[in-house]
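> One structure, as structure tokens, below. Some questions next.
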């Protein structure tokens, strides 16, 4: 019996460091894969299909949702975003864990999906709102009104912190990265995550039998 | 609201390395305490009351059991052994975790006690029975017939491995020690183990309020 992987959900308000942390985990462990979202919005410059997103038509997206092919999905303004189920299913059946960089609504949908037994959820809080704002500004990516829009959405996201298994305050990136690795490593040591143990115990039992 | 500590149960057959590992954890973290068992057997040379065991009379032991003052207890041949509840209760209310070095029957009793919500259980398996035997012999403590007695009890203990939250195969002491620390560190990052987070989120909320 081989191990079935975990669905590891990482949520946080924008600016709390989630994407940086997810990026650091990419190079950590080959048995950790990343869920690539599908979207109907057009690619931005430099975005690669299948890497940053799967870029699909609205028709194809709707069809996938209707066929039960999306683990979670949402409409944000005029665009759809979702997590395709098939790559996740393949990865966990191969014994790999899958990391999701999604918001609380997506997390909720995955926790109510057919894969709910394998879900592990982690919420990342900022040390302060001043710091959250500072990080959004220092990225230099967004216009002031976009930053204010993100700030307004932040409280909505933070207010769902208490639906998560683990909560980290990202005061220091290195420490939070280490904590994420600790959580994932520990979860892999759960009995339920080590189906091969049955074989080990059978081996011990037969060794006992030979001693009698 | 301050944190309530965990009851961390460590079980294994004798010779799997449990006591060595527990000893290494002693010097690791000041917020990890050790449950000292009470026993009616007389102290052996070098054993210190309150450190290795609490040495008590059979009458005092029975009285404590009747008063609900033992988290778990058992009779082994003509002696009683048990885990006094009061020091554990005090430690976890101080926010300290408490480590128990007990067998599966004691573990079962603690899992059915009033403190069951705070229990975390870890089972340590030997890499092989040959190795288990080798470790018992190499200790040089016990006569061959005592070792054979321990070996017979080993399978009984191992056969309860599947009632534990986490299971480790102690192939390499350093690795198993690191895994134990990983498990304890991760469990402390659970939302339910960080009641102070409520204050942090309230602080964030009031910061948002000031921005409006």
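Protein chains in written order, with the numbering used here: chain A, 87 to 298; chain B, 87 to 298.
Glycine included, C-beta positions come from ideal geometry on N, C-alpha and C.
Please check if any C-beta of chain A sits within less than 8 angstroms of the C-beta of residue 190(B).
So, not an interface residue.
> Beta strand (DSSP E) containing residue 183(A): first to last residue?
Where residue 183(A) is concerned, the enclosing beta strand (DSSP E) stretches over 183-187.
> Could you say if the region 245-265 of chain B and the region 269-277 of chain A meet the contact criterion of at least three C-beta pairs nearer than 8 angstroms?
At 8 angstroms Cβ cutoff, the stretches touch.
> Taking only beta-carbon positions, decide if residue 241(B) is within less than 8 angstroms of chain A.
Yes, because at least one Cβ of chain A sits closer than 8 angstroms to the Cβ of residue 241(B).
> Any chance the region 184-195 of chain B sits against the region 98-109 of chain B, with 3 or more Cβ pairs inside 8 angstroms?
In short, these stretches touch, since the Cβ pair count reaches three.
> Counting only Cβ pairs nearer than 7 angstroms, list the residues of chain A close to residue 120(B).
Neighbours of residue 120(B) on chain A: none; closest Cβ ~21 angstroms, over 7 angstroms.
> For residue 160(B), name the three-state secondary structure that DSSP assigns.
Residue 160(B): strand per DSSP, three-state reduction.
> Three or more C-beta pairs under 8 angstroms: does that hold for the region 206-223 of chain A against the region 247-266 of chain A?
Yes, the region 206-223 of chain A touches the region 247-266 of chain A.
> Between the region 115-122 of chain A and the region 170-188 of chain A, are three or more C-beta pairs nearer than 8 angstroms?
Contact holds: three or more Cβ-Cβ distances are below 8 angstroms.
> Between residue 271(A) and chain B, is the shortest Cβ-Cβ distance under 8 angstroms, so that the two count as touching?
Closer than 8 angstroms: yes.
> Across which residues does DSSP place residue 125(A) in a beta bridge pair?
Looking at the DSSP assignment, residue 125(A) forms a beta bridge with 141(A) and 167(A).
> Within 8 angstroms of any Cβ in chain A, is that where the Cβ of residue 246(B) sits?
Not an interface residue.
> Please confirm if the region 213-223 of chain B is in contact with the region 285-298 of chain A, defined as three or more CB-CB distances below 8 angstroms between the two stretches.
Verdict: yes, contact present.
> Please report how far the alpha carbon of residue 270(A) lies from the alpha carbon of residue 251(A), in whole angstroms.
Between residue 270(A) and residue 251(A), the C-alpha separation is close to 12 angstroms.
> Pick helix, strand or coil for residue 253(B), following the three-state DSSP scheme.
If DSSP states are grouped into helix, strand and coil, residue 253(B) belongs with the strands.
> Hey, how far is the Cα of residue 226(B) from the Cα of residue 113(B)?
Answer to the nearest angstrom: the Cα atoms are 25 angstroms apart.
> Against chain A, with Cβ distances strictly below 8 angstroms, would residue 159(B) count as a contact?
Closer than 8 angstroms: no.
> Taking only beta-carbon positions, decide if residue 216(B) is within less than 8 angstroms of chain A.
Output row for residue 216(B): interface = yes.
> Check whether the Cβ of residue 294(A) lies closer than 8 angstroms to any Cβ atom in chain B.
At least one chain B Cβ lies under 8 angstroms of residue 294(A).
> Evaluate residue 224(A) with the Cβ neighbour count: other Cβ atoms within 10 Å of its Cβ, from every protein chain shown; 16 or more gives buried, anything less gives exposed.
Looking at its Cβ environment, which holds fewer than 16 other Cβ atoms inside 10 Å, residue 224(A) is exposed.
> Does the Cβ of residue 134(A) have 16 or more other Cβ atoms within 10 Å, making it buried, or fewer, making it exposed?
Per the 10 Å Cβ criterion, exposed.
> I'd like to know whether the C-beta atoms of residue 140(B) and residue 122(B) end up nearer to each other than 8 angstroms.
In this structure, residue 122(B) lies closer than 8 angstroms to residue 140(B) by Cβ.
> Per DSSP, what kind of secondary structure is residue 174(A) in: helix, strand or coil?
Note: residue 174(A) maps to helix in three-state DSSP.
> Starting from the beta carbon of residue 268(B), find every residue of chain A whose beta carbon is closer than 8 angstroms, and list them in chain order.
Simply 268, 271, 272 and 275.
> Only counting the same chain, and skipping five residues up and downstream in sequence, which positions put a Cβ closer than 6 angstroms to that of residue 110(B)?
Excluding sequence neighbours, residue 110(B) sits near 263.
> With burial defined as no fewer than 16 other Cβ atoms inside 10 Å of the residue's Cβ, what is the status of residue 239(B): buried or exposed?
Result: exposed.
> Does any CB atom of chain B fall closer than 8 angstroms to the CB of residue 232(A)?
Output row for residue 232(A): interface = no.
> What did DSSP end up calling residue 97(A) once you bin it into helix, strand or coil?
Strand.
> From 145(B), 164(B), 200(B) and 94(B), pick the residue whose C-alpha is nearest to that of residue 127(B); which is it?
Nearest of 145(B), 164(B), 200(B) and 94(B) to residue 127(B), Cα basis: 164(B).
> Looking at chain B, is there any beta carbon in it that lies within less than 8 angstroms of the beta carbon of residue 138(A)?
By this cut-off, residue 138(A) is not an interface position.
> Could you tell me whether the Cβ of residue 290(B) comes closer than 8 angstroms to any Cβ of chain A?
Answer yes: the Cβ-Cβ gap between residue 290(B) and chain A drops below 8 angstroms somewhere.
> How should residue 170(B) be labelled, buried or exposed, when 16 other C-beta atoms within 10 angstroms of its C-beta is the threshold for buried?
So residue 170(B) ends up on the buried side.
> Once DSSP output is grouped into helix, strand and coil, what is the label at residue 211(B)?
Strand.
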